[in-house]
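Visitor: There's a structure below that I have some questions on.
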Amino acid sequence: MGIAISFNDDIITKGLKTSLLINAYEEGLVSLGELAKALNISKKDAMKLISINGKNVIDYDFKEELENLKDFV
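Residue numbers (the numbering used here): 238 to 310.
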């Protein structure tokens, strides 16, 4: 038994737009706010969407942060 789903241009276009924006976010080309605004969703939902797609919402170097903390203390 199979399930048939009709695809229309809107589904494909939205998926492509989402994918391109998430990749642009990951590369630092757009901010979280810009991504959310372009997709007409909240920043919270944008963070969920990024995470669901297997991307890091926050990108930082832990070792670098640890060194900065050592310098601070």
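Quick reminder that beta carbons are idealized off the backbone N, C-alpha and C, glycines included. This structure is a prediction, so every number in the text was calculated from the model and none was measured.
In chain order, what residues of the same chain lie with their CB nearer than 8 Å to the CB of Lys254, ignoring the 5 residues before and after it?
Guide: Excluding residues within five positions, the ones whose Cβ falls inside 8 Å are Ala275, Leu276.
Visitor: Between which residues of its own chain and Ala261 is the CB-CB distance below 7 Å, once the five residues before and five after are set aside?
Guide: So the list reads Val267, once near-sequence residues are dropped.
Visitor: From what residue to what residue does the alpha helix (DSSP H) around Lys285 run?
Guide: It spans 280-289 - the alpha helix (DSSP H) in which Lys285 sits, taken as one unbroken run.
Visitor: How long is the line joining the alpha carbons of Gly265 and Asn245, rounded to whole angstroms?
Guide: The straight-line gap from Cα to Cα measures roughly 31 Å.
Visitor: From which residue to which residue does the alpha helix (DSSP H) around Asp296 run?
Guide: Unbroken run through Asp296: none, as it is neither H nor E.
Visitor: To the nearest angstrom, report how far apart Gly291 and Glu304 are at their CA atoms.
Guide: The alpha-carbon atoms of Gly291 and Glu304 are separated by roughly 27 Å.
Visitor: Please identify the residue among Leu272, Thr250, Ile240 whose C-alpha is closest to the C-alpha of Ile287.
Guide: Comparing Cα positions, the closest option is Leu272.
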